[in-house]
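Numbering (this note's numbering), first residue to last: 84 to 287. Structure record follows, encoded as C-alpha coordinates.
Right, here's the structure in full:
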(Lines of atoms letter the chains of each structure in order from A and count residues from 1; the text may use other names and numbers.)
(Lines give C-alpha, C1' and ligand atoms only; values in the text may rest on other atoms or scores of the structure.)
Protein backbone atom coordinates (compact mmCIF):
# COMPACT_ATOMS: atom_id res chain seq x y z
CA UNK A 1 0.00 0.00 0.00
CA UNK A 2 1.33 3.44 -0.95
CA UNK A 3 2.43 5.62 1.95
CA UNK A 4 0.59 8.93 1.65
CA UNK A 5 1.44 10.24 5.13
CA UNK A 6 3.19 13.33 3.75
CA UNK A 7 0.41 14.23 1.32
CA UNK A 8 -0.76 17.79 1.99
CA UNK A 9 -4.48 18.48 2.25
CA UNK A 10 -6.02 21.73 0.99
CA UNK A 11 -6.51 24.31 3.74
CA UNK A 12 -10.21 24.80 2.96
CA UNK A 13 -10.95 21.11 3.44
CA UNK A 14 -9.21 21.01 6.81
CA UNK A 15 -10.84 24.26 7.91
CA UNK A 16 -14.31 22.85 7.17
CA UNK A 17 -13.64 19.71 9.19
CA UNK A 18 -12.17 21.62 12.13
CA UNK A 19 -15.11 24.04 12.05
CA UNK A 20 -17.47 21.05 11.98
CA UNK A 21 -15.73 19.60 15.03
CA UNK A 22 -16.38 22.90 16.78
CA UNK A 23 -20.03 22.84 15.66
CA UNK A 24 -20.49 19.41 17.25
CA UNK A 25 -18.12 19.53 20.23
CA UNK A 26 -17.96 23.24 21.01
CA UNK A 27 -14.96 25.55 21.09
CA UNK A 28 -13.40 23.93 24.16
CA UNK A 29 -13.95 20.49 22.65
CA UNK A 30 -12.13 21.49 19.49
CA UNK A 31 -9.26 22.90 21.55
CA UNK A 32 -8.99 19.62 23.45
CA UNK A 33 -8.95 17.54 20.27
CA UNK A 34 -6.35 19.79 18.65
CA UNK A 35 -4.13 19.49 21.73
CA UNK A 36 -4.45 15.71 21.85
CA UNK A 37 -3.64 15.49 18.14
CA UNK A 38 -0.56 17.68 18.54
CA UNK A 39 -2.13 20.44 16.45
CA UNK A 40 -2.17 23.23 19.02
CA UNK A 41 -0.99 25.69 16.36
CA UNK A 42 -4.57 25.81 15.06
CA UNK A 43 -6.21 26.55 18.43
CA UNK A 44 -6.52 30.29 17.88
CA UNK A 45 -6.41 30.39 14.09
CA UNK A 46 -7.90 27.73 11.83
CA UNK A 47 -6.35 27.18 8.39
CA UNK A 48 -7.31 29.84 5.81
CA UNK A 49 -10.18 29.11 3.43
CA UNK A 50 -8.01 28.54 0.37
CA UNK A 51 -6.80 25.65 -1.74
CA UNK A 52 -3.15 25.90 -0.66
CA UNK A 53 -1.64 22.72 0.78
CA UNK A 54 -1.45 22.62 4.55
CA UNK A 55 -2.05 19.81 7.02
CA UNK A 56 -0.38 16.51 6.18
CA UNK A 57 -2.42 13.32 5.88
CA UNK A 58 -0.71 11.86 8.95
CA UNK A 59 -1.79 14.91 10.98
CA UNK A 60 -5.34 14.66 9.68
CA UNK A 61 -5.42 11.01 10.73
CA UNK A 62 -4.16 12.06 14.17
CA UNK A 63 -7.10 14.48 14.39
CA UNK A 64 -9.58 11.67 13.70
CA UNK A 65 -7.77 9.38 16.14
CA UNK A 66 -7.95 12.02 18.87
CA UNK A 67 -11.74 12.10 18.51
CA UNK A 68 -11.84 8.30 18.77
CA UNK A 69 -9.70 8.41 21.89
CA UNK A 70 -11.87 11.10 23.46
CA UNK A 71 -15.23 9.40 22.88
CA UNK A 72 -14.33 5.73 22.85
CA UNK A 73 -17.31 3.69 21.70
CA UNK A 74 -19.31 6.86 21.11
CA UNK A 75 -16.84 8.10 18.52
CA UNK A 76 -18.72 6.70 15.56
CA UNK A 77 -21.83 8.75 16.20
CA UNK A 78 -19.83 11.90 16.92
CA UNK A 79 -17.69 11.56 13.78
CA UNK A 80 -20.78 10.94 11.67
CA UNK A 81 -22.34 14.14 13.02
CA UNK A 82 -19.10 15.97 12.28
CA UNK A 83 -19.44 14.71 8.71
CA UNK A 84 -22.97 16.14 8.53
CA UNK A 85 -21.70 19.48 9.79
CA UNK A 86 -18.74 19.48 7.37
CA UNK A 87 -21.03 19.17 4.36
CA UNK A 88 -23.31 21.86 5.75
CA UNK A 89 -20.23 24.07 5.99
CA UNK A 90 -19.38 23.33 2.36
CA UNK A 91 -22.85 24.41 1.23
CA UNK A 92 -22.64 27.59 3.31
CA UNK A 93 -19.17 28.49 2.06
CA UNK A 94 -19.95 27.85 -1.60
CA UNK A 95 -23.41 29.35 -1.73
CA UNK A 96 -23.37 30.21 -5.44
CA UNK A 97 -22.20 26.73 -6.43
CA UNK A 98 -24.81 25.19 -4.15
CA UNK A 99 -27.53 27.42 -5.61
CA UNK A 100 -26.54 26.36 -9.11
CA UNK A 101 -26.89 22.73 -8.16
CA UNK A 102 -30.24 23.36 -6.48
CA UNK A 103 -31.64 25.01 -9.59
CA UNK A 104 -30.31 22.26 -11.84
CA UNK A 105 -31.62 19.48 -9.61
CA UNK A 106 -35.19 20.66 -10.19
CA UNK A 107 -35.00 19.26 -13.73
CA UNK A 108 -32.98 16.08 -13.18
CA UNK A 109 -33.96 12.52 -12.20
CA UNK A 110 -33.09 11.22 -8.76
CA UNK A 111 -30.18 9.00 -9.82
CA UNK A 112 -28.51 11.85 -11.70
CA UNK A 113 -28.84 14.14 -8.68
CA UNK A 114 -27.21 11.50 -6.48
CA UNK A 115 -24.27 11.19 -8.84
CA UNK A 116 -23.81 14.92 -9.23
CA UNK A 117 -23.87 15.81 -5.54
CA UNK A 118 -21.47 12.97 -4.71
CA UNK A 119 -19.09 14.06 -7.46
CA UNK A 120 -19.12 17.56 -6.03
CA UNK A 121 -18.31 16.14 -2.60
CA UNK A 122 -15.60 13.88 -4.06
CA UNK A 123 -13.95 16.87 -5.72
CA UNK A 124 -13.95 18.83 -2.46
CA UNK A 125 -12.60 15.89 -0.42
CA UNK A 126 -9.79 15.03 -2.81
CA UNK A 127 -8.31 18.47 -3.41
CA UNK A 128 -5.21 18.83 -5.57
CA UNK A 129 -3.45 15.53 -6.06
CA UNK A 130 -6.17 13.50 -4.40
CA UNK A 131 -8.18 10.71 -5.95
CA UNK A 132 -11.82 10.30 -4.95
CA UNK A 133 -14.20 8.94 -7.56
CA UNK A 134 -17.90 8.17 -7.94
CA UNK A 135 -19.23 5.21 -9.91
CA UNK A 136 -22.53 3.71 -10.96
CA UNK A 137 -22.31 -0.07 -11.00
CA UNK A 138 -25.39 -2.28 -11.57
CA UNK A 139 -27.63 0.55 -10.39
CA UNK A 140 -25.58 0.96 -7.18
CA UNK A 141 -23.78 4.25 -6.64
CA UNK A 142 -20.36 4.04 -5.01
CA UNK A 143 -17.89 6.63 -3.77
CA UNK A 144 -14.29 5.39 -3.72
CA UNK A 145 -11.57 7.22 -1.79
CA UNK A 146 -8.21 6.03 -3.06
CA UNK A 147 -6.25 8.23 -0.62
CA UNK A 148 -8.38 8.07 2.54
CA UNK A 149 -6.31 10.50 4.58
CA UNK A 150 -8.18 9.59 7.78
CA UNK A 151 -6.73 6.06 7.70
CA UNK A 152 -3.09 7.09 7.28
CA UNK A 153 -0.97 5.04 9.68
CA UNK A 154 -4.04 3.50 11.33
CA UNK A 155 -4.94 -0.19 11.39
CA UNK A 156 -8.29 -1.62 12.43
CA UNK A 157 -10.40 -4.76 12.12
CA UNK A 158 -13.41 -2.69 11.02
CA UNK A 159 -14.04 0.30 8.79
CA UNK A 160 -13.38 3.65 10.48
CA UNK A 161 -14.14 6.44 7.98
CA UNK A 162 -17.22 7.66 9.83
CA UNK A 163 -16.65 11.36 9.15
CA UNK A 164 -16.60 10.71 5.41
CA UNK A 165 -19.67 8.50 5.75
CA UNK A 166 -21.49 11.35 7.47
CA UNK A 167 -20.56 13.75 4.69
CA UNK A 168 -21.90 11.32 2.09
CA UNK A 169 -25.18 10.89 3.95
CA UNK A 170 -25.68 14.63 4.34
CA UNK A 171 -24.77 15.28 0.70
CA UNK A 172 -27.36 12.77 -0.48
CA UNK A 173 -30.01 14.25 1.80
CA UNK A 174 -29.23 17.75 0.54
CA UNK A 175 -29.16 16.71 -3.11
CA UNK A 176 -32.22 14.47 -3.18
CA UNK A 177 -34.35 15.37 -0.17
CA UNK A 178 -34.14 11.75 1.02
CA UNK A 179 -31.96 9.89 3.51
CA UNK A 180 -30.00 6.86 2.35
CA UNK A 181 -28.28 3.89 3.86
CA UNK A 182 -24.53 4.22 3.31
CA UNK A 183 -22.05 1.45 4.13
CA UNK A 184 -18.27 1.46 3.97
CA UNK A 185 -17.62 -1.84 2.22
CA UNK A 186 -13.81 -1.55 2.09
CA UNK A 187 -11.41 0.47 4.24
CA UNK A 188 -7.68 1.08 3.94
CA UNK A 189 -7.40 0.78 7.72
CA UNK A 190 -8.33 -2.91 7.28
CA UNK A 191 -5.67 -3.39 4.63
CA UNK A 192 -7.94 -2.81 1.62
CA UNK A 193 -6.57 -0.85 -1.33
CA UNK A 194 -9.29 1.81 -1.13
CA UNK A 195 -12.11 3.03 1.07
CA UNK A 196 -15.30 2.19 -0.82
CA UNK A 197 -18.73 3.44 0.20
CA UNK A 198 -21.88 1.93 -1.28
CA UNK A 199 -25.13 3.85 -1.41
CA UNK A 200 -28.07 1.68 -0.45
CA UNK A 201 -31.81 2.15 -0.38
CA UNK A 202 -33.63 5.21 0.92
CA UNK A 203 -34.45 5.14 4.63
CA UNK A 204 -38.15 5.06 5.37
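Every residue, glycine too, gets a C-beta built ideally from N, C-alpha and C.
Can you find the residues in the same chain that come closer than 6 angstroms, C-beta to C-beta, to residue 90, ignoring five residues on each side of it along the sequence? In the same chain as residue 90, and ignoring 5 residues on each side of it, the C-beta atoms closer than 6 angstroms to its own belong to 140, in chain order.
Helix, strand or coil, according to DSSP, for residue 286 in the structure here? Residue state, collapsed to three classes: coil.
Starting from the C-beta of residue 107, find all residues in its chain whose C-beta is less than 8 angstroms away, skip the five residues before and the five after it, and write them out in chain order. So the list reads 161, 164, 165 and 168, once near-sequence residues are dropped.
Can you give the Cα-Cα distance for residue 242 and residue 268, rounded to whole angstroms? One C-alpha to the other measures close to 8 angstroms.
Under the three-state DSSP convention, the category residue 189 falls into: Residue 189 falls in the coil class under three-state DSSP.
Integer-rounded CB distance, given that residue 113 should sit under 8 angstroms from residue 104: That pair is a contact at about 5 angstroms.
Suppose contacts are defined by Cβ-Cβ distances below 7 angstroms. Is residue 172 in contact with residue 102 by that definition? In this structure, residue 102 lies closer than 7 angstroms to residue 172 by Cβ.
Let me know the secondary structure DSSP gives residue 219 once reduced to three states. If DSSP states are grouped into helix, strand and coil, residue 219 belongs with the strands.
Classify residue 225 as helix, strand or coil using the three-state DSSP reduction. Residue 225 falls in the strand class under three-state DSSP.
If you draw a straight line from the C-alpha of residue 258 to the C-alpha of residue 134, how long is it? Looking at the two C-alpha atoms, the distance is approximately 24 angstroms.
With DSSP run on the structure shown, which of helix, strand or coil describes residue 137? Residue state, collapsed to three classes: strand.
Under the three-state reduction of DSSP, which class applies to residue 152: helix, strand or coil? Helix, per DSSP.
Could you spell out where the beta strand (DSSP E) holding residue 91 opens and where it closes? For residue 91, the enclosing beta strand (DSSP E) starts and ends at 91-93.
State yes or no: is the C-beta of residue 223 within less than 7 angstroms of the C-beta of residue 281? Result yes, Cβ atoms of residue 223 and residue 281 sit closer than 7 angstroms.
Residue 266: which of 208, 248 and 100 sits nearest, CA to CA? Ranked by how close their Cα comes to the Cα of residue 266, the residues 208, 248 and 100 have 248 in first place.
For the alpha helix (DSSP H) holding residue 254, just list the boundary residues, first then last. From DSSP, the alpha helix (DSSP H) with residue 254 extends over 245-259.
For the alpha helix (DSSP H) holding residue 263, just list the boundary residues, first then last. Note, residue 263: premise wrong, no alpha helix (DSSP H); beta strand (DSSP E) at 263-269.
Can you name, in chain order, every residue of its own chain whose Cβ lies under 8 angstroms from the Cβ of residue 255, other than the five neighbours on each side? The beta carbon of residue 255 sits closer than 8 angstroms to those of 197, 200, 201, 261, 262, 263, 265 and 282, all from its chain and outside the five residues before and after it, given in chain order.
Pairing CB atoms from the stretch 214-228 with CB atoms from the stretch 119-131, are three or more of them under 8 angstroms? Touching, no, given that fewer than three Cβ pairs across the two stretches are closer than 8 angstroms.
Let me make sure I understand the geometry here. Which of 194, 147 and 214 has the alpha-carbon closest to that of residue 285? Nearest C-alpha to residue 285: 194.
Does DSSP put residue 237 in a helix, a strand or coil? Reduced to three states, the DSSP call for residue 237 is coil.
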